[in-house]
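Undergrad:
Numbering (the UniProt record's numbering), first residue to last: 1 to 302.
1) From residue 48 to residue 34, what does the alpha carbon distance come to, in whole angstroms?
2) Can you look up residue 115 in the DSSP assignment and give me helix, strand or coil?
3) Starting from the Cα of residue 193, find the closest Cα among 128, 276 and 18 and give me that residue.
4) Contact check, residue 163 vs residue 252 under 8 Å by CB: the rounded distance?
5) If contacts are defined as beta-carbon pairs under 8 Å, then residue 155 and residue 268 qualify, I think. What distance do you get, rounded to the angstrom?
6) Would you tell me roughly how many angstroms separate the C-alpha atoms of residue 29 and residue 277, rounded to the nearest one?
7) Using 10 angstroms around the beta-carbon of residue 9, count the other beta-carbons present and answer buried if the total reaches 16, otherwise exposed.
8) Under the rule that 16 or more other beta-carbon atoms within 10 Å means buried, what is residue 132, buried or exposed?
9) Near residue 38, what residues of its chain come up, given a Cβ to Cβ distance below 7 Å and the 5 sequence neighbours on each side ignored?
10) Look up residue 267 in the DSSP assignment and give the residues it is bridged to.
11) Please report the straight-line C-alpha distance between residue 261 and residue 206, rounded to a whole angstrom.
12) Could you pull out every unbroken beta strand (DSSP E) segment of at least 3 residues lying fully inside the UniProt domain "HTH lysR-type" (1–56), listed in chain order?
13) Under the three-state reduction of DSSP, which class applies to residue 296: helix, strand or coil?
14) Name the residue from 59, 139 and 90 whose alpha carbon lies nearest to the alpha carbon of residue 266.
15) Residue 279 and residue 87: beta carbons closer than 7 Å?
16) Given the structure, does residue 258 come close to the ligand GDP, in the sense that its CB is under 6 Å from one of the ligand's heavy atoms?
17) Within the segment 228–258, note down every full alpha helix (DSSP H) run reaching 4 residues or more, in order along the chain.
18) Per the DSSP calculation, residue 89 is bridged to which residue(s)?
19) Which residues in the same chain as residue 26 place their Cβ atom closer than 8 Å to its Cβ, once the five residues preceding and following it in sequence are excluded?
20) Considering only residues of the segment 159–197, which uninterrupted alpha helix (DSSP H) runs meet the minimum length of 4 residues and lie entirely inside it, listed in chain order?
21) Just to confirm the assignment, what range does the beta strand (DSSP E) spanning residue 101 have?
22) Where residue 178 and residue 168 are concerned, what is the direct C-alpha to C-alpha distance, given to the nearest angstrom?
23) Alpha carbon to alpha carbon, how far is residue 211 from residue 274?
24) Mapping DSSP to helix, strand and coil, what is residue 107?
25) Nearest to residue 182 by alpha carbon, out of 213, 200, 208 and 199?
26) What does the Cβ neighbour count give for residue 295, buried or exposed, with the cut at 16 atoms within 10 Å?
27) Would the segment 87–107 count as touching the segment 221–234 if we require 3 or more Cβ pairs under 8 Å?
28) Straight-line CA distance for residue 288 to residue 152?
29) According to DSSP, is residue 224 helix, strand or coil?
30) Go ahead and pull the three-state DSSP assignment for residue 274.
31) Hey, residue 254 and residue 161: beta-carbon distance below 7 Å or not?
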């Protein structure tokens, strides 16, 4: 391809020197590439003198074919450039189920109103996807971000809150100590990447106590756990971005029995830093700004 581009520029310019200036190389480099192309095709393409060059008959025929091909290639490049520089096309967004359901899905209407020609394909997975295999353009992940080539920015932080519905606590009573949890229905969540049940951690006196309660109900996804606890299934450790609005509204009550929660960072990421289409950058910037503004995407204390 490089040799053909050099040939076409030389044919159009009528001079190796002029072609060299447009290509950013030396005239000697242009001459060498033309000789290499002539050797490959087995014909002379230019008549050369010390002062000028002229196309041979074969060179003129080849240039006509090359010119049509170059126009087609340039048209393809223009289409790619237009799609990169305009707000049109599809963005593939990967994110966990709970973050999608609680934090991101409510934001999408405003984005689509702003950019009506951009389509968003949301891929909901609880683990970090293979961005190449799944064709991910923009992603959001909660928890530790694996060391990789991803370009990531922190969008917020959440923790977990031990809570239950008022109806459940009216029937079963409010636990006053960690040991009281053994007499309660506990709604447990499995880690989305390991399949293990999340332990519960408490501070008792000066000690940190880790409890693996016997679950009356264990679930695979956070949104099922959230809904179950909200509707009276039992006590659960719930992500603060979900629990906080329900606690403010009185639909959930936090339990003050020394529960200690780790903080979980939420990151928005892109597969690469360069050559990002405008539509992908627009979605990434919009989501990052909106998530940072969300008051519930911050560690909660009750």
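Ideal placement from N, C-alpha and C gives every residue a C-beta, glycine not left out.
Computed from a prediction, not measured in an experiment: that's the story for all the values here.
TA: Straight from the coordinates:
1) 11 Å
2) The answer is coil: DSSP assigns residue 115 none of H, G, I, E or B.
3) Nearest option by C-alpha distance: 128.
4) A Cβ-Cβ separation of about 5 Å places residue 163 in contact with residue 252 under the 8 Å criterion.
5) Sure, about 5 Å apart at Cβ, within 8 Å.
6) Straight-line spacing of the CA atoms in residue 29 and residue 277 works out to 35 Å.
7) So residue 9 counts as buried.
8) Classification for residue 132: exposed.
9) Listed in chain order, the non-local C-beta contacts of residue 38 below 7 Å within the same chain comprise 44 and 45, local neighbours out to five positions each way being set aside.
10) 141 and 154
11) 16 Å
12) 46–48 and 53–55
13) coil
14) 139
15) yes
16) Of ligands this structure carries none, so the ligand GDP is not represented either.
17) 240–248
18) 118
19) 20
20) 166–172
21) Counting along the chain, residue 101 falls outside any beta strand (DSSP E), and DSSP gives it neither H nor E.
22) Those two C-alpha atoms are separated by around 17 Å.
23) Near 46 Å, if we compare the C-alpha coordinates of residue 274 and residue 211.
24) Of the three classes helix, strand and coil, the one that applies to residue 107 here is helix, per DSSP.
25) Distances from the CA of residue 182 to each of 213, 200, 208 and 199 were compared; the closest alpha carbon is that of 213.
26) exposed
27) yes
28) Cα-Cα distance, rounded: 11 Å.
29) If DSSP states are grouped into helix, strand and coil, residue 224 belongs with the helices.
30) Of the three classes helix, strand and coil, the one that applies to residue 274 here is coil, per DSSP.
31) yes
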